[in-house]
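There are 2 protein chains.
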Amino acid sequence: MSPEGSVSSSGLNRLSLNTATCKWLSLADCVEVAARAGLGAVGPWRDRVHEVGVERAAAMIRAAGLRVSTLCRGGFLTASDGPARQAALDDNHRAIDEAATLGTHELVMVVGGLPAAFARLGLRMTDADAHDKDIAAARNRVAEGIAELVPYARERSVRLVLEPMHPMFAADRGVLQTLRQSLDLAAPFPADVVGVVADTYHVWWDPDCRGQIERAGREGRLASYQVCDWILPLAPEPLNSRGLMGDGFIDFPTITSWVRDAGYTGDVEVEIFNEDLWALPGDEIVGRIAERYRALIAPYLG
Amino acid sequence: MSPEGSVSSSGLNRLSLNTATCKWLSLADCVEVAARAGLGAVGPWRDRVHEVGVERAAAMIRAAGLRVSTLCRGGFLTASDGPARQAALDDNHRAIDEAATLGTHELVMVVGGLPAAFARLGLRMTDADAHDKDIAAARNRVAEGIAELVPYARERSVRLVLEPMHPMFAADRGVLQTLRQSLDLAAPFPADVVGVVADTYHVWWDPDCRGQIERAGREGRLASYQVCDWILPLAPEPLNSRGLMGDGFIDFPTITSWVRDAGYTGDVEVEIFNEDLWALPGDEIVGRIAERYRALIAPYLG
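These protein sequence lines are chains A and B, in that order.
Just so you know, the first sequence maps onto residues 123 to 424 in this note's numbering.
Just so you know, the second sequence maps onto residues 123 to 424 in this note's numbering.
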């Protein structure tokens, strides 16, 4: 947190707006609604950043007095064929540079799925990929990719933040499923270069959630706390089934207190993919988030 | 396995047809198509059994020369209010009796979800339940419920077979998510009274899948191996997103070899909820299953 990181008059200083929560807003509009509501930070996705250019995005966010909690996202390191693998590494280098320019320490990494599922995300899929369902091998390639990226990230003071993903996304988006697995993968590297993010949507179900949040804090790797709710029924596109805190089945006071007890003092980023929420005006989206944050999260943050 | 449990001429003796795979067939029809194709067993759901009565169902399956691999299902032990809890225990007593009458040792337990989600499954939900999202407490109630059922099950030589469920179902169907968690819960009880089932759909994503299948074998608790594939996109009703082996992203040869190495010699039960499959005639459903079983599973069973 910046020196201004103490509680602001509105009590929303630790709240960060991930730009995916306002899918139809430009970066400028996201920054404006966040600042107007008294939030302390934004968490931009790279597509929003690219629309205006990285330098201009950085200046825009700084001018509004906001921090960049994280940059979303690097990753997709599971390709086995040479050119696709090199393209992924190159793209991660660019993402690291962008994070440095934006002034954030935390680059969220969605590590990628099985080669057999590449076509589902519009990725190039070879004939060999189409039959490759070896999840252990894909996980090993993630570990190798992280090892290759670490020196570049360290030089630029950017941390690669591994995001364990709900097992619903194991096949096509990310083969890291748990905080334990992510922390094990991070273990060989310095804590300020490889960390983890606890996103409630992805980790709430884990019987070991509490223990691994504690461990992440103890090891100095808890780089981000992201919140949104598990709602049912799932949306037709399950990726967009993330709900406003309180609308679903996640116990936010409990998980937030674990994050607090782990010593986390950073931003709380709200990242909600939800068609109904996206349909609202930006100020109303942020207003609803702020209301739920005040009720279900802020009181337990310490 | 019964003494007839060696390999039959068709090579399908260890294959079992779960009746949910043929949703629109009666128990009599399920038994007939399974026997005609040379399968060694069926795995009935209780609704199919109740339609004809337990004694008659047992006689029908026996007369066809089939084993009952498992009975599906007991469980739903997460209610906290007294009457709902007692009703669940009573129903589990009946399920144990039915398993004994059917001549199967294995009663699959789907343990139930969060009280806040009870209404989603048509269960009675109190005002207090509606706010109860405490998953740790729900898991404790499952452990207590199992402890209460153990003596009754032991007297009738029936094993309570805990089914870890994919985290996608954690809120509404079952708060056990992993084999590790299920084996930890089973640990205080004799191995022939509390076991676990490895259903590929529920466990394939788990980074600890191999280690916990090994452990289940070592501890004598691997009571059933169930197979179906993880397909994408998810069906509009995600419960019915289970696919025919080979249609999705699960590596069956690898997981099957882990099950073999764990010393499992029992039936391989195919349990697929899938609208497209259900729409086919029974003989064709079983034909397709047998084809995939021969290609992706039988060669790795040992």
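Even for Gly, the Cβ is constructed at its ideal location relative to N, Cα and C.
Source: prediction; values computed, not measured.
| Asked | Found |
| --- | --- |
| Short CB-CB distance (under 8 Å) between Lys-145/A and chain B | no |
| Within chain A, the residues that Ile-257/B reaches when beta carbons sit closer than 8 Å | Trp-326, Trp-327 and Asp-373 |
| Exposed unless 16 or more other CB atoms sit within 10 angstroms - verdict on Gln-348/A | buried |
| Residue(s) in a DSSP beta bridge with Met-287/B | According to DSSP, Met-287/B bridges with nothing at all. |
| Whole-angstrom distance between Phe-371/B and Arg-332/B, CA atom to CA atom | 17 Å |
| One or two residues paired with Ala-163/B in a DSSP bridge | Ser-138/B and Arg-189/B |
| Three-way DSSP call (helix, strand, coil) for Asp-351/B in this model | strand |
| 4 or more residues per run - each alpha helix (DSSP H) lying fully within the region 269-351 of chain B | 301-308, 322-325 and 331-340 |
| Residues, ordered as in the chain, of the region 267-289 of chain B that lie near chain A by beta-carbon distance below 7 Å | His-288 and Pro-289 |
| Enclosing alpha helix (DSSP H) for Leu-399/B [first to last residue] | 397-400 |
| Closer than 7 Å at the beta carbon, the chain A residues around Pro-101/B | Within the shown structure, residues of chain B are numbered from 123 to 424, placing residue 101/B beyond reach of any answer. |
| Rounded Cβ spacing between Ile-183/A and Val-190/A (contact assumed at less than 8 Å) | 6 Å |
| Distance, Arg-216/A Cα to Arg-278/A Cα | 11 Å |
| Glu-126/A classed as buried or exposed, judged by whether at least 16 other C-beta atoms fall within 10 angstroms | Only weak support is given to the placement of Glu-126/A: the predicted model assigns it a pLDDT of 40, under 50, and the value that follows is read from those uncertain coordinates. The residue in question, Glu-126/A, is exposed, as its Cβ has fewer than 16 Cβ neighbours within 10 Å. |
| Per-residue DSSP class, three states only, for Met-182/B | helix |
| Cβ neighbours of Arg-281/A in the same chain (closer than 8 Å, five flanking residues each side left out) | His-227, Glu-228, Leu-229, Ala-275, Asp-314, Val-315, Val-316, Gly-317 and Ala-345 |
| C-alpha distance - Val-283/A paired with Leu-402/A, whole-angstrom precision | 30 Å |
| Any C-beta of chain A under 8 Å from that of Leu-418/B | no |
| Chain B within 8 Å of Leu-305/A, Cβ atoms only | no |
| With 16 other Cβ atoms within 10 Å as the buried cut-off, status of Glu-220/B | buried |
| Neighbourhood of Gly-196/B by C-beta distance below 6 Å, restricted to the same chain and skipping five residues each side | Asn-214, Ala-217, Leu-229 and Met-231 |
| Length of the line joining the Cα atoms of Thr-378/A and Ala-320/A | 10 Å |
| Buried versus exposed, by CB contacts within 10 Å (16 or more), Asp-169/A | exposed |
| Best match in Thr-223/B, Leu-147/B, Gly-165/B and Arg-242/B for proximity to Leu-356/A [C-alpha to C-alpha] | Arg-242/B |
| Cβ of Trp-380/B within 8 Å of any chain A Cβ | no |
| Helix, strand or coil at Glu-220/A according to DSSP, with G and I counted as helix | helix |
| Best match in Tyr-323/B, Asp-328/B, Ala-142/B and Ala-258/B for proximity to Leu-307/B [C-alpha to C-alpha] | Ala-258/B |
| Neighbour flag for Trp-167/B against chain A, beta carbons, 8 Å | no |
| Leu-229/B, DSSP secondary structure in three states | strand |
| Under 9 Å (Cβ pairs) to chain B, residues found in the region 292-303 of chain A | Ala-292, Ala-293, Asp-294, Val-297, Leu-298, Gln-299, Thr-300, Arg-302 and Gln-303 |
| Straight-line Cα distance separating Lys-255/A from Pro-97/A | Coverage of chain A is limited to positions 123 through 424, which leaves residue 97/A absent and any answer about it impossible. |
| Chain B contact for Ala-252/A (CB, 8 Å cutoff) | no |
| Listed by chain order, chain E residues near Trp-352/B by CB distance under 7 Å | In the structure shown, chain E does not exist; the protein chains are A and B. |
| Cα-Cα separation, Gly-385/A to Arg-416/B | 53 Å |
| CB contact below 8 Å: Leu-366/B versus chain A | no |
| Contacts that Arg-242/A makes with chain B (C-beta to C-beta distance below 7 Å) | Leu-354 |
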